Amino acid sequence: MNRRDFSAAALAFGAATLPLGALAQRVPREGADYRRLGRRVPTAAPAGKIEVVEFFWYSCPHCNAFEPQLVTWAAALPPDVVLRRVPVAFRADFVPQQKLFYTLQAMGKLEEMHGKVFHAIHMERQPTNRPETILAWAEKQGLDTKRFQDIFQSDAVAAQAQQAVQLQDAYGVEGVPALGVAGRFYTDGSMAGTLTRSLNVADFLIGEARKPA
Numbered sequence: 032m033n034r035r036d037f038s039a040a041a042l043a044f045g046a047a048t049l050p051l052g053a054l055a056q057r058v059p060r061e062g063a064d065y066r067r068l069g070r071r072v073p074t075a076a077p078a079g080k081i082e083v084v085e086f087f088w089y090s091c092p093h094c095n096a097f098e099p100q101l102v103t104w105a106a107a108l109p110p111d112v113v114l115r116r117v118p119v120a121f122r123a124d125f126v127p128q129q130k131l132f133y134t135l136q137a138m139g140k141l142e143e144m145h146g147k148v149f150h151a152i153h154m155e156r157q158p159t160n161r162p163e164t165i166l167a168w169a170e171k172q173g174l175d176t177k178r179f180q181d182i183f184q185s186d187a188v189a190a191q192a193q194q195a196v197q198l199q200d201a202y203g204v205e206g207v208p209a210l211g212v213a214g215r216f217y218t219d220g221s222m223a224g225t226l227t228r229s230l231n232v233a234d235f236l237i238g239e240a241r242k243p244a
């Protein structure tokens with residue numbers, strides 16, 4: 032999903048402009064496959080770790096399709112790399128799903144429930160875009176609804192949602208799913224040519240981040 036309609040057709044066009052084999056083998060180019068940030072963005076990773084941020088939106092079909100690839104990629108990350116997921120809000124109606132993400136995180140249920148949110152939206156067609164429908168989903172999952180609602184409505188979760196917007200703006204996120212690397216680089220499927228190749232570009236950027244500044 033893109034602020035300017037990050038459509039499947041646009042992704043298909045990007046992939047079709049160059050053969051897939053050539054896409055995979057081509058060395059990523061700054062300004063084409065990725066962007067170097069004009070100002071470094073603070074990261075949440077511990078010292079000595081390289082942070083990769085995935086910007087996503089639960090209702091985005093491209094994010095749903097990308098999730099299994101991202102999980103497989105993340106499982107093979109080297110010890111000096113950490114993945115951080117950040118829900119975006121291009122509009123005010125994205126905010127309830129941001130709060131859903133941070134509520135699950137606060138409850139220690141994110142790893143268990145993250146994929147289930149995608150499944151509920153894209154496979155079960157269950158609405159999860161308003162507080163009341165999100166609470167209904169949480170109850171269906173057997174979560175403590177009183178605790179869930181208290182955290183969902185808390186100032187702490189509202190602050191995290193706002194910080195997520197600040198981070199997406201600092202990276203200049205243009206569409207999702209997108210990847211930020213080390214607070215220094217940005218790429219997405221539109222730039223890389225395909226969503227799959229954006230992970231290859233991220234691997235390249237991780238290597239660049241390891242080099243002395």
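The sequence shown begins at 32 in this note's numbering and counts up by one. Beta carbons: idealized from backbone N, C-alpha and C, even for Gly. Treat the numbers as computed from the prediction; the structure is a model and nothing was measured.
Cβ atoms of residue 206 and residue 219: under 8 Å apart, would you say? yes
Continuous alpha helix (DSSP H) stretch holding residue 96: start and end: 92-106
Suppose contacts are defined by Cβ-Cβ distances below 8 Å. Is residue 269 in contact with residue 113 by that definition? Shown here, the chain extends from 32 to 244; a query on residue 269 therefore has no answer.
Exposure of residue 64, with buried meaning 16 or more beta-carbon neighbours within 10 Å: buried
Using a Cβ-Cβ cutoff of less than 6 Å, which residues in the same chain neighbour residue 103 once the five nearest sequence positions on both sides are dropped? none
Relative to the alpha-carbon of residue 182, which residue among 155, 139, 150 has its alpha-carbon at the smallest distance? For residue 182, the closest C-alpha among the options 155, 139, 150 is that of 139.
Residue 147 versus residue 155: straight-line alpha-carbon distance, rounded: 10 Å
Bridge partners - residue 217, DSSP secondary structure assignment: 66, 211
Stretch-stretch touch, CB-based, cutoff 8 Å, three pairs: the stretch 161-177 with the stretch 129-144: yes
What residue range is occupied by the uninterrupted beta strand (DSSP E) comprising residue 235? Segment 226-241 is the alpha helix (DSSP H) holding residue 235; no beta strand (DSSP E) there.
Check whether the stretch 177-194 touches the stretch 88-108, counting contact only when three or more Cβ pairs, one atom from each stretch, lie closer than 8 Å. no
Within a Cβ cutoff of 7 Å, which residues of the same chain sit near residue 5, ignoring the five residues on either side of it in sequence? This structure cannot speak to residue 5, because the chain is shown only from 32 to 244.
Does the beta-carbon of residue 58 have 16 or more other beta-carbons within 10 angstroms, so that it is buried, or is it exposed? exposed
Give every residue of the same chain whose Cβ lies closer than 7 Å to the Cβ of residue 223, excluding the five residues on either side of it in the sequence, and list them in chain order. 64, 229, 232
Return the CA-CA distance between residue 176 and residue 134, expressed in angstroms with no decimal places. Each residue's alpha carbon lies about 11 Å from the other.
C-alpha distance - residue 73 paired with residue 238, whole-angstrom precision: 19 Å
Opposing strand residues paired with residue 162 [DSSP bridges]: In the DSSP output, where bridge partners are listed per residue, residue 162 has none listed.
List the DSSP bridge partners of residue 81. 112
Name the DSSP bridge partner or partners of residue 59? Its beta-bridge partners do not exist; DSSP assigns none.
Residue 130 lies in the alpha helix (DSSP H); which residues open and close that run? 126-137
Count the other CB atoms, across all protein chains shown, that sit within 10 Å of the CB of residue 192; report buried if there are 16 or more and exposed otherwise. buried
Mind checking whether residue 217 and residue 66 have CB atoms under 8 Å apart? yes
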